[in-house]
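Read the structure below first, then the notes.
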Amino acid sequence: MRKILIATVKPFAPVAVKKIRKIFEKAGYELQLLEKYNDKQELLQAIANVDAAIIRSDKFDEEVLKAGKKLKIVVRAGAGYDNVDIETASASNIVVMNTPGQNSNAVAELAIGLAIMGLREQFSGKPGGEMRGRTLGLHGFGYVARNVFRIARAMGMNVIVYTRYSKGDAAAIGLKVTKSLEDLYEKSDIVSIHVPARGEHIKSVSAEVLSHLQDGSILVNTGRKEVINEPDLVKCMEEKPGIKYMSDLTPDCEAEFEEKFPGRFFFTPKKAGAQTAEANLNAGLAAARQIVDFFENDDTTHQVNK
């Protein structure tokens, strides 16, 4: 009997676990749970004799992956997978998958909410602004950005996008694609960042790009903090006192933000993009089905370490 581990410091909702269990029971698999663990040693012990694992933001580094002597597949319930050591997984012949799109509406709604919060001066009583008629720039055009576009268009916003890989998809639904990232930042009242923390995107929001932001614009980041060059952002906000930064990611230089930019930033206490009951359920069920399809049908559709 195959053994599947759900290893989650932040557990799935009970209803999600119940439905995941049903999927595995139907396939004849045994489900094991490791929830709210505090000690890495607990994870190392739990991973030792399982065939597959479902995780959320849990760190699967070299030590964890090598402890999984029988491990064949790890599925990250969500889009980002920078918490998994891809190099070690590949060297150990462990398939790594994500569940793209399952959290996208939840993250998109948060991005819009953060933009509104910035426009409304964080509901401080000061006169704010409205979304309608403003230009929203999408930095990237994956699943989340497409949902942001859907919502923003319904609110009467002008939406533009910069993407290197999905220009045809964007143009097909009537989106204007800017010629460069700098052009996007220059033309947008609000910029919403939707790129992964990999390769060319690491610290891609740099001084060269940020210098094109209009004073008074809002930068929203519901992706990964690694895509932001934080010292460059601090300098930009010092030079342009109207710029605001809204995120569900606390920057490394949080103290500097608190000292220099009161009222011009907001960070959720915890990473919040995918923290809805619906996204929780969708991602968990997708992860379970992908594991079953992998073992029963050799399906590697969402493998990220090919």
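Quick note: this note's numbering has the sequence shown finishing at residue 498, numbered continuously throughout. The beta-carbon is built from N, C-alpha and C at its ideal position, and this holds for glycine as well. Quantities reported herein were computed from a predicted structural model and do not represent experimental measurements.
Shown here, residue 367 sits in coil according to DSSP, grouped into three states, outside any helix or strand. Below 8 Å, enough C-beta pairs join the segment 243-254 and the segment 198-205 to call them touching: three or more. By the Cβ criterion, the segment 208-218 is in contact with the segment 473-487, since at least three pairs of Cβ atoms, one from each stretch, lie closer than 8 Å. Between the alpha carbons of residue 255 and residue 290 lies a gap of roughly 20 Å. In this structure, residue 196 lies away from residue 269, with their beta-carbon atoms at least 8 Å apart. In the DSSP assignment, residue 241 falls outside any beta strand (DSSP E) and carries neither an H nor an E. Looking only at 220, 455 and 433, the smallest Cα-Cα distance to residue 317 is reached by 455. Bounds of any alpha helix (DSSP H) do not take in residue 273, whose DSSP letter is neither H nor E. By the CB criterion at 8 Å, residue 369 and residue 385 fall outside the cutoff.
For residue 329, the enclosing beta strand (DSSP E) begins and ends at 327-331. For residue 225, the enclosing beta strand (DSSP E) begins and ends at 222-227. With respect to the 8 Å criterion, residue 242 and residue 263 are classified as neighbours on the basis of their beta carbons.
A distance below 6 Å between beta-carbons, with the five flanking residues on each side excluded, links residue 394 to the following residues of its chain, in chain order: 418. One Cα belongs to residue 308, the other to residue 322, and the distance between them is close to 8 Å. Membership of residue 311 in any beta strand (DSSP E) is not indicated; the residue belongs instead to the alpha helix (DSSP H) covering 296-311. In this structure, residue 367 lies near residue 353, with their beta-carbon atoms less than 8 Å apart. With contact defined as three or more Cβ pairs closer than 8 Å, the segment 448-465 and the segment 430-439 are in contact. Of all C-beta pairs linking the segment 328-347 to the segment 294-310, three or more are shorter than 8 Å, placing the two stretches in contact. Residue 377 sits buried, since 16 or more C-beta atoms from the chains shown fall within 10 Å of its C-beta. In its chain, beyond the 5 residues on either side, 323 and 324 have a beta carbon closer than 7 Å to the beta carbon of residue 347. Residue 410 and residue 458 have their C-alpha atoms roughly 11 Å apart. For residue 315, there is no enclosing beta strand (DSSP E), as DSSP gives it neither H nor E. Under DSSP, residue 439 takes part in a beta bridge, and its partners are 413 and 459. Fewer than three Cβ pairs drawn from the segment 231-239 and the segment 211-221 lie within less than 8 Å of each other, which leaves the two stretches out of contact. The DSSP-derived three-state label of residue 289 is strand. Taking the Cα positions, residue 220 is about 13 Å away from residue 480.
In this structure, the beta-carbon distance from residue 356 to residue 388 does not fall below 8 Å.
Taking C-beta separations shorter than 6 Å and ignoring five residues to either side along the sequence, the partners of residue 412 in its chain run 303, 306, 307, 384 and 438, following chain order.
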